[in-house]
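*Asks:* One structure follows; several queries about it will come next.
Protein chains: 2
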Amino acid sequence: MSGRQTGRPTLEEVATRAGVGRGTVSRVINGSPRVSEQAKEAVERAVAELGYVPNRAARALAGNRTDAVALVVPETENRLFAEPYFLDIIRGVSAELADADMQLLLTLIRTDQERQRFEQYLAAQRVDGVLLVSVHRDDPLPDLVRALGLPAVLNGRRSENEPVAYVDSDNVGAGRSAVEHLAGRGRHRIATITGPLDMFAAQGRLDGYRQGLAAVGLPTDDRLVSTGDFTEEGGRRAMAELLERCPDLDAVFAASDLMAVGARAVLRARGREVPGDVALVGVDDSPVARHSDPPLTSVRQPIEEMGRRMARALLRQIAANGAGGSDVEEDGGEERPRLVLPTELIVRASS
Amino acid sequence: MSGRQTGRPTLEEVATRAGVGRGTVSRVINGSPRVSEQAKEAVERAVAELGYVPNRAARALAGNRTDAVALVVPETENRLFAEPYFLDIIRGVSAELADADMQLLLTLIRTDQERQRFEQYLAAQRVDGVLLVSVHRDDPLPDLVRALGLPAVLNGRRSENEPVAYVDSDNVGAGRSAVEHLAGRGRHRIATITGPLDMFAAQGRLDGYRQGLAAVGLPTDDRLVSTGDFTEEGGRRAMAELLERCPDLDAVFAASDLMAVGARAVLRARGREVPGDVALVGVDDSPVARHSDPPLTSVRQPIEEMGRRMARALLRQIAANGAGGSDVEEDGGEERPRLVLPTELIVRASS
DNA sequence: CGCTAGAGTGGGAGCGCTCCCAATCCTCCG
DNA sequence: CGGAGGATTGGGAGCGCTCCCACTCTAGCG
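Chains as they are written, first to last, in the working numbering: chain A, 1 to 351; chain B, 352 to 702.
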């Protein structure tokens, strides 16, 4: 009955109440320095009294921006990834965006139809920037985004010289440290189960594996390398293959915890003890690693931190975009960070 | 150099090209029936040729809606939940929203500050509706949302007669089926580790446990009930307590997989075999359940389906809100669904 | 054959904000 | 003491869309 209808106060009302003009209120709200202390106080009081909150749609329309960024997750990939990974990314991203009062739009892309819809989204200027998770080597999405002139940051990269800004973890270091650790435990025949090699992360871990072997003076042997796909089943297949080819292996570096778990199952079925006969190291430090039997040694990535950095990098791009030319961007490239964060080996009973 | 600037086509341009007025284009875009077949075709052609996509901000401003809904996740809770749970909810929600061309805004609430910011969000009409995950009994957020007159749907409920629309799983049924299964395996001293009892889901599972005992003609014994908090550590503590009080127990129904895993660790440490000495059943059918040793029998909830239903229910509320009175809503309550979806027992080696 | 209903249509009037220009008021300098 | 220059300020002009009020044109009715 009383009903304050849709009655949110507007900028205009705040201005009236504060006894100033619309422009001045707008300046105060947006933190412009060109406002007298006096006016600023009056406006702030009025804002508080009225409980004024700016209307986003109006702002977006007038200011030609949205204060929102999209986090894009190709769904098929996501299934493969250790799931907590994705959640941790969200955590980091969300925290950083909240501080900047930006909205987080979550977009899962499952089908081609959804992909198209998303491309329309982008075209319709519905976000100020895009965060892309789990990109494959031949994923066209990053380029599409860039073609539209939208700020973007990838999680991971597609190749060594990724043209789009990215935040990655040190996959090479991960592989190297795992191998060095295993060698330090006295293992000599160290095998590896890789991820799908069209993912740069998988390639990096493999490179790290090789570098590690070289560093500790062990020979490389291609029979000790088997390709998986980051899934448990893939880990099983790869492990079976390895055992067949090299029955004498005494350690395995699996490029994901899930594959390590699959490998462990096969080892057990074949009567090999972990870590007695074969030491095992995974990557991700996922819950599965902690709960497997024996608990799995694993290389941890700073996932949440990656999310945070991604968001930060994106915000910086967006800010630069707005400040600089409103048109095409410079090729200065100062605002196209390539971040590689260090990983950490968590030693548990499996090695 | 060519640069189509920010030059997205506008409604006006489409109208010109199609040789009709703005109003007609708007009608076609929004699927109004009051348009001649001829005009409709002309507009559709112009839209296709120009690659027109409506500007959301303008639409939101003019239409007083946003075509976006928020999915709110109190972060502290989330930690407790089996993580895939949350992802599956997102999947369901996302799929359903995408079909309705609605945006999904993800909001993690960690601190009080973020909570306040979120309340401002709501007040600022930045979303058309809200989905709330993992509500505690005394959570004020649902009521706040309703006070603002915003459509809302909860995942789970705070009490038996939850005033806000919700989608829940059949927690009572979950507890009952677990107990009946264990009894069917010949167990007579069936204990339970509950979740935090200020969560209705936890209470429901406990009720189901009791109903199950009654159904199979076993006596209830409060010493066989221990309270956990859905975490692994909580499961450990509760299990230790149970063993102390009732060394003769031969089965445990844990209200979450994580607690079941904790319980298993304690059982093993105390030299009790699973399932030989003590059978174990969890809830969630999480990856942890599949990977634990032995694989854990668990009650599965249709999580993604819950997400889907939540979204659908919310969309319906939003539609009704818009269609009906634009002001206060009727008390007809037709649009306040209370959905309880069935669960399913997945039998594995632990029981 | 005039008149009344629609059906279909065009376009004015905003939605609430930002941008930006012109106006005002000081202050300081020659 | 006059004028230049900077600091503040008010408010017009949109941003692209929806809402809604006429208005035109038909078809059907008595």
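Quick reminder that beta carbons are idealized off the backbone N, C-alpha and C, glycines included.
Values in this document were obtained by computation on a predicted structure and should not be read as measured data.
In the structure shown, what three-state DSSP assignment does B/Gln652 receive?
*Replies:* Reduced to three states, the DSSP call for B/Gln652 is coil.
*Asks:* Grab the span of the alpha helix (DSSP H) containing A/Glu49 for me, first residue to last.
*Replies:* Note, A/Glu49: alpha helix (DSSP H), 37-50.
*Asks:* How would you write the range of the alpha helix (DSSP H) that B/Leu533 sits in, first residue to last?
*Replies:* 522-535
*Asks:* If you draw a straight line from the C-alpha of B/Leu704 to the C-alpha of B/Val423, how long is it?
*Replies:* The question about residue 704 of chain B has no answer here: the residues shown for chain B are numbered 352 through 702.
*Asks:* Would you call the CB atoms of A/Leu150 and A/Val127 closer than 9 Å?
*Replies:* yes
*Asks:* I'd like to know if A/Val72 contacts chain B, where contact means its C-beta is closer than 9 Å to some C-beta of that chain.
*Replies:* It does not; no Cβ of chain B falls within 9 Å.
*Asks:* Near B/Leu647, what residues of its chain come up, given a Cβ to Cβ distance below 7 Å and the 5 sequence neighbours on each side ignored?
*Replies:* Cβ contact annotation for B/Leu647 (same chain, cutoff 7 Å, sequence separation greater than five): Asp608, Ala611, Leu631, Gly633, Ala640, Arg699, Ser701, in chain order.
*Asks:* Is there at least one Cβ from chain A nearer than 9 Å to B/Ile669's Cβ?
*Replies:* no
*Asks:* Leaving out the 5 sequence neighbours to the left and right, which residues in its chain are closer than 6 Å to A/Ala362 when beta-carbon positions are compared?
*Replies:* Residue 362 of chain A is absent from the model: chain A starts at 1 and stops at 351.
*Asks:* Counting pairs of beta carbons, one from the region 23-35 of chain A and one from the region 368-378 of chain B, are three or more of them closer than 8 Å?
*Replies:* Touching, no, given that fewer than three Cβ pairs across the two stretches are closer than 8 Å.
*Asks:* What residues match up with A/Arg338 in a beta bridge as DSSP calls it?
*Replies:* A/Tyr166
*Asks:* Going along chain B, which residues have a C-beta under 9 Å from A/Thr66?
*Replies:* Arg407, Ala408
*Asks:* Does A/Thr76 come within less than 9 Å of chain B when only Cβ atoms are used?
*Replies:* By this cut-off, A/Thr76 is not an interface position.
*Asks:* Taking C-alpha atoms, which residue in B/Leu401, B/Pro514, B/Ser643 lies nearest to B/Ala614?
*Replies:* When C-alpha distances from B/Ala614 are compared across B/Leu401, B/Pro514, B/Ser643, the shortest belongs to B/Ser643.
*Asks:* Can you tell me which of the three DSSP states B/Ser305 falls into?
*Replies:* Because chain B in this structure spans residues 352 to 702, residue 305 of chain B falls outside the shown range and cannot be described.
*Asks:* Quick check: the Cα distance between B/Arg659 and A/Ile89, rounded to an integer number of angstroms?
*Replies:* Our two residues, B/Arg659 and A/Ile89, have alpha carbons roughly 23 Å apart in a direct line.
*Asks:* What does DSSP give as the partner residues of B/Ile544 in its beta bridges?
*Replies:* B/Ser577, B/Ala605
*Asks:* Check whether the Cβ of A/Arg270 lies closer than 9 Å to any Cβ atom in chain B.
*Replies:* False, the Cβ-Cβ gap to chain B never drops below 9 Å.
*Asks:* Between the C-alpha atoms of B/Pro598 and A/Val225, what's the straight-line distance to the nearest angstrom?
*Replies:* 50 Å
*Asks:* Would you please verify whether the beta carbon of A/Arg91 is less than 9 Å from any beta carbon of chain B?
*Replies:* yes
*Asks:* By DSSP, does A/Asp327 sit in helix, in strand, or in coil?
*Replies:* Low local confidence applies: a pLDDT of 39 at A/Asp327 is under 50, so the model's placement there is unreliable, with the coordinate-based value given in what follows. In this structure, A/Asp327 counts as coil in the three-state DSSP scheme.
*Asks:* By DSSP, does A/Ala18 sit in helix, in strand, or in coil?
*Replies:* helix
*Asks:* Going by alpha carbons, who is nearest to A/Ala313 out of A/Val47, A/Ala100, A/Ser32?
*Replies:* The residue from A/Val47, A/Ala100, A/Ser32 with its alpha-carbon nearest to that of A/Ala313 is A/Ala100.
*Asks:* Could you have a look at A/Gln125 and say whether DSSP puts it in helix, strand or coil?
*Replies:* coil
*Asks:* Inspect the beta-carbon positions of A/Ile318 and A/Ser169 and report whether they are closer than 9 Å.
*Replies:* Not in contact: A/Ile318 and A/Ser169 (Cβ atoms no closer than 9 Å).
*Asks:* Using DSSP's beta-bridge definition, name the partner residues of B/Ile441.
*Replies:* Note: B/Ile441 sits in no beta bridge, so no partner.
*Asks:* Determine, for A/Ser292, whether the minimum Cβ-Cβ distance to residues of chain B falls below 9 Å.
*Replies:* So, interface residue.
*Asks:* For the beta strand (DSSP E) that B/Pro425 lies in, which residues bound it at each end?
*Replies:* Unbroken beta strand (DSSP E) run through B/Pro425: 419-425.
*Asks:* Could you tell me the alpha carbon to alpha carbon distance between A/Gly195 and A/Thr227, rounded to whole angstroms?
*Replies:* 6 Å
*Asks:* If you measure from the beta carbon of B/Ala516 to each beta carbon in chain A, is any gap under 9 Å?
*Replies:* No, its Cβ sits nowhere closer than 9 Å to a Cβ of chain A.
*Asks:* Report, in whole angstroms, the separation of the C-beta atoms of A/Leu122 and A/Val145, which I expect to be a contact under 8 Å.
*Replies:* 6 Å
*Asks:* Could you please give the first and the last residue of the uninterrupted beta strand (DSSP E) stretch that includes A/Ala279?
*Replies:* 279-283
*Asks:* Using three-state DSSP, classify A/Thr24 as helix, strand or coil.
*Replies:* Of the three classes helix, strand and coil, the one that applies to A/Thr24 here is helix, per DSSP.
*Asks:* For B/Gly372, which option in B/Pro493, B/Val394, B/Ala616 has the closest C-alpha, if you only look at C-alpha atoms?
*Replies:* B/Val394
*Asks:* Taking 9 Å as the threshold (C-beta atoms), are A/Ala238 and A/Ile193 in contact?
*Replies:* yes
*Asks:* Please return the same chain residues whose Cβ sits closer than 6 Å to the Cβ of B/Leu569, not counting the five positions on each side in sequence.
*Replies:* none
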